[in-house]
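Have a look at the structure below before the remarks.
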Amino acid sequence: MSAAAAPDWLVQLRGRQGSPAAPARTATDPVNLPMIRRWCAAMGERNPAYLDEQAPLAPPAMLEVWTMRGFTPDGSGGAVARLTGIDEMDAAGFTAVVATNLSQEYVRYLHPGDLVTQQVTFVGVSDQKQTALGPGHFLDYRYEFTDQRGEVVGRMRFRILKYRPTQVAAAAPAAMKPPHPRPAITADSAFFWDGLNQRRLLIRRCGQCARLHHPPGPMCPVCHSQQWSVLEASGRGTVHSYVIVHQPQMPGFRYPLPVALVDLEEGVRLVANLSGVGPEQVRIGMPVEVEFNEVEPGYVLYAFHPRAGG
Amino acid sequence: MRHPLRDQAAVVGIGATEFSKDSGRSELKLAVEAIAAAVADAGLALHEVDGLCTYAMDKNPEIEVFRNIGGRDLKFFSRIDYGGGAACAPLLQAALAVHAGVAEVVVCYRAMNERSQYRFGQGFIAPPLPNAESANWGWTVPFGLVTPASWVAMAARRYMHDFGATSEDFGRVSVACRRHAANNPHAWFYGKPITLAQHQASRWIVEPLRLLDCCQESDGAVAIVVTRAERARQLRHRPALIRAAAQGATDDQMNMTSFYRADISALPEIGLVARQLYAMGGLGAGDIQSAVLYDHFSPFVLPQLEAFGFCGRGEGKDFVKDGNIEIGGALPVNTHGGQLGEAYIHGLNGVAEAVRQVRGTSVNQVADVENVLVTAGTGVPTSGAILSAAT
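One line per chain: the protein sequences are R and Y, in this order.
Take the position in the first sequence, starting the count at 1, then add 1331; the result is the number in our numbering.
Take the position in the second sequence, starting the count at 1, then add 1361; the result is the number in our numbering.
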C-alpha cells in the first residue's frame, strides 16, 4: 500500500472484517443419493463408496454443493451469493474477476439425510495489488459448514481477485479478453451484419414503395410488400438523442460510455456508439459520420464520430 | 353506450409478503404466501380459486402454484407478456373471465426474488438465438445499452430536449414517492424520505438518470383476488370495482426500445390505454382522486401525467412542482411509495395500493376517493386500470 490514504470504500469495507459476509444459508435439500450420483457422473468419480445403495457417503469435495445456489440459464442469476465486498468493489470500478481459489477441510463424511448449513465470514480485503490485467484487491472469506445438530462438518477458504481492467487489455493474452456482446442474427437481418463486415451500412429498402426501414423486417409495414433490396447509406447523420452509461460496467466497453440515436440523412435511425467526442461534448443535433471498427477478428461494428457542417 | 365490462368485476382481496433484498426462500413460496393472504383477505377459501393470472418474467407456472394451494379445477390461466408492462393486464383478463362466466375466483400474482436472483440492473445480453425476440436486442446490446435504465434514459434525454425538463423535475417524482414510502411500514424505505438536494447529489447510472431516479431491486410477492361484482358485494371488504381496464401497444412498438418512431418521448401506448380507460369508465382526468403511476424510472411519470390529461403535453415538469403529486397536492401519486420507495414488484404492489385507496385503508389515504388510476410499465406494451368505490 502506498502512503496515500485508503479510499473511503476500502476503509468502510475493512470495518466489516470478521463479520458475516452473507446470511446463513441452509441447503434446500438434505444430502441425497440422486445428487451424489449426478455429481459423480459429471466428475467421472467411480469410487464405489459413494454409490453404495446401503450406506452411501457423499464425496467430501461436494461440501459446498449442498448449500450452493442454483444456476440460471442466462448466467445472470444467483450462482454467486452477493458476499460482502463484491458490490462495493464493483462500485469502486474493480468489476472484473479472472480466477478464484479455494481450499476445503473435511471434518467428517456427509451421509444422505444430513442437512448442511453454511456461514460465511468476511476475512478481509488486501491492499491494492498491481497485476498484468490491472490493479485489484483480493477478497478473503471463511466458510463453516454445520450439520443439523450444529456440529462442524467442514470448512472452506475462498479467495477472489477483483480487478479494474486496464485500457491496454489488448496486451493481455487474447484468451483473457471477454467477448464483445454479439447480436442474434435472423434471415431478415443477416444482410445488415454481413454489410458491416464489408464496412458498408446497408438499409432495407422496400421493393415496391422504396421506403427505408430499420431495424429491418420481412414485410414493409406501410405497403405490405415482401419484396426488398438494400440501400447503402451515406453514413452521414445527426444525433437524435443520447445517453452516457456509467453503470453497470460491462467488459469490452470504456466508461463513461456515450451511446446515441443517430438520424441518418436517408431518414432512418440507428443506435450507435460515438467516438472522438467526450461524454460532456455530445449534443442533440450534432452532425456525425459513420466509421467501422473491428471489435473482434471478423466482427465489425459501426460507430459515429463528429463531422463538420450539418 | 355504457361499456359492457364496466364495473362487472371487482378486486376483493389483496395480499403480500414482506419486501426485501433477499427473501431467503423460494419464489414459489413467496407466491403461495401472498396468494393465501389475499384469499384470506377476501374471506374466501383457497379451493375456491379457479383462475390464475400472472405475467412474463414471473417464473412460477400457474399449475405449480395451483398444485401447491390444493386447487381442484383450474378453468382460466393466462400469463401475459412484457414484464411490468402487464401489471394491470391481469385485471382486464380476470374481469373478462369472471364476467363471461369462464371462472369465478381469479387470483393474479407476482412473486420474484428479483434482487437476490436476477438483478435486472446488472445488464442483459440476449442469448444468440435466431428468433425475432432475441434479434431485437441485437440493435442495442452490442453498443452497450444493456439495462432498462439505459433504454429509458434515451427517451428521457429527448424529452428534456423537447420540453426543457431537467433532472430536478425527474427528482421531484422520486422525492414524492420517498415521502409517501416514509410513512409506509411495508416500504423498504420506510422512515427514509429524501430531499431534492439528495437526489441531485446521487451518482449517475445512465445520464440523464441518477441513482435516485431508478426504482429498487426487490424480492417479494403480491397477489390480488378478482371476482364478479355481484359476488363482491357479499364479501367482507368494500369492493374495488374494476371500472375500466385495458392493454395497449401501438405503431412500431418494441420492448423498451421503441427508438424508431418519429417521437420517442411520448409513450403512445400509454395514450392508447388512457383513451380506452376513460371511454370504458365514462370518466376523465377530473374524476380521478389519486393515481398509481408506474415508476420504474422517474422520468416516465411525466409523460404519463400528460397522456392521462392531468396536464398538457410537455407540462408534466410543471405539474410535479410544489408538492402537487404528494399527499395534500392536487393529485397524490404513488401513495404507497411506488417502486422507488416501497418495492419493485413489477407494479402489482401498485394495484394493491389502488385497492387500499378505494377501501380507505392506505397509510397515505386520500380523502373521498371514488376513482383511482393505476398504470403499468412504460416504454413497453402496457396496461392500466381504474378502480372505483362501489356506489
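The beta carbon of each residue, even a glycine, is placed where N, CA and C say it ideally should be.
Values in this document were obtained by computation on a predicted structure and should not be read as measured data.
Asked: One or two residues paired with G1485 of chain R in a DSSP bridge; Found: R:Y1437 and R:F1476
Asked: Close-in-space but distant-in-sequence residues of the same chain around A1458 of chain Y (CB under 6 angstroms, 5 per side omitted); Found: G1412, F1437, A1464 and V1467
Asked: Buried or exposed (CB count within 10 angstroms, at least 16 for buried), Y1633 of chain R; Found: buried
Asked: Of the residues Y:A1377, Y:A1750 and Y:A1635, the one placed nearest A1728 of chain Y, counting alpha carbons only; Found: Y:A1750
Asked: At least three beta-carbon pairs within less than 8 angstroms, the segment 1613-1631 of chain Y to the segment 1498-1514 of chain Y; Found: yes
Asked: Beta carbon proximity, L1588 of chain R to chain Y, threshold 8 angstroms; Found: yes
Asked: Entirely enclosed beta strand (DSSP E) segments - the segment 1704-1749 of chain Y, minimum 3 residues; Found: 1732-1736
Asked: Cα-Cα separation between R1400 of chain R and M1581 of chain R, rounded to whole angstroms; Found: 23 angstroms
Asked: Contact check, H1511 of chain R vs V1626 of chain R, beta carbons under 8 angstroms; Found: yes
Asked: Exposed unless 16 or more other CB atoms sit within 10 angstroms - verdict on K1460 of chain R; Found: exposed
Asked: V1410 of chain Y versus F1427 of chain Y - alpha carbon distance; Found: 9 angstroms
Asked: Host beta strand (DSSP E) of N1604 of chain R (start-end); Found: R1600 to L1605
Asked: Spatial distance of G1684 of chain Y from N1544 of chain Y (CA atoms); Found: 16 angstroms
Asked: Contact list for the segment 1552-1579 of chain R against chain Y, Cβ threshold 8 angstroms; Found: P1552, H1571, S1572, Y1573, V1574, I1575, V1576, H1577, Q1578 and P1579
Asked: Rounded separation between C1414 of chain Y and A1450 of chain Y - CA only; Found: 9 angstroms
Asked: Beta-carbon contacts of A1610 of chain Y that lie in its chain and below 7 angstroms, excluding the five residues immediately before and after; Found: E1630 and P1742
Asked: Contacting residues, own chain, Cβ-Cβ under 6 angstroms from A1502 of chain R (five flanking each side not counted); Found: Because the pLDDT at A1502 of chain R is just 46, under 50, the model does not fix this residue reliably, and the point stays unresolved.
Asked: Cross-chain neighbours of F1504 of chain Y in chain R, by beta carbon under 7 angstroms; Found: V1590, V1602, A1603 and N1604
Asked: Cβ-Cβ distance between S1723 of chain Y and T1752 of chain Y below 8 angstroms; Found: no
Asked: 6 angstroms Cβ shell around Q1595 of chain Y - same chain, five flanking residues per side excluded; Found: none
Asked: Residue closest to A1521 of chain R, alpha-carbon to alpha-carbon, out of R:Q1578, R:H1545 and R:L1441; Found: R:H1545
Asked: For G1408 of chain R, the three-state DSSP class (helix, strand or coil); Found: Low confidence applies to G1408 of chain R: its pLDDT is 48, below 50, so where it sits in the model is not reliable enough to give any reading.
Asked: Contact test: L1692 of chain Y Cβ vs the ligand ATP heavy atom, cutoff 7 angstroms; Found: What this structure holds is no ligand at all, so the ligand ATP is not there to describe.
Asked: Distance, L1692 of chain Y Cα to I1686 of chain Y Cα; Found: 5 angstroms
Asked: Local conformation of S1346 of chain Y per DSSP, three classes; Found: What the structure shows of chain Y is the stretch from 1362 to 1752, and residue 1346 of chain Y is not part of that stretch, so it cannot be assessed.
Asked: Near-chain R residues of the segment 1488-1499 of chain Y - C-beta to any C-beta below 9 angstroms; Found: P1488, P1489, L1490, P1491, N1492, A1493, E1494, S1495, A1496, N1497, W1498 and G1499
Asked: Supposed close pair V1602 of chain R, F1504 of chain Y - CB separation, criterion 8 angstroms; Found: 5 angstroms
Asked: Boundaries of the alpha helix (DSSP H) in which W1498 of chain Y is found, first to last residue; Found: A1493 to W1498
Asked: Sequence-distant residues of its chain with Cβ nearer than 8 angstroms to G1738 of chain Y (five each side left out); Found: Y1443, G1444, G1445, G1446, A1447, A1448, Y1655, H1657, H1707 and G1708
Asked: For R1490 of chain R, the nearest candidate out of R:A1372, R:L1433, R:T1359 and R:G1346 (CA to CA); Found: R:L1433
Asked: Proximity test, Cβ basis, 8 angstroms: F1661 of chain Y and chain R; Found: no
Asked: Option in Y:A1668, Y:V1400, Y:G1745 and Y:P1660 with minimal Cα separation from L1573 of chain Y; Found: Y:P1660
Asked: Complete runs of the beta strand (DSSP E) confined to the segment 1642-1694 of chain Y [at least 3 residues]; Found: 1651-1653
Asked: Bridge-paired residues (DSSP) for F1453 of chain R; Found: R:Y1472
Asked: Interface residues of chain Y facing A1541 of chain R [CB-CB closer than 7 angstroms]; Found: What A1541 of chain R touches in chain Y: nothing, since even the nearest Cβ is about 18 angstroms away.
Asked: Minimum length 4: unbroken alpha helix (DSSP H) runs contained in the segment 1398-1478 of chain Y; Found: 1423-1429 and 1450-1460
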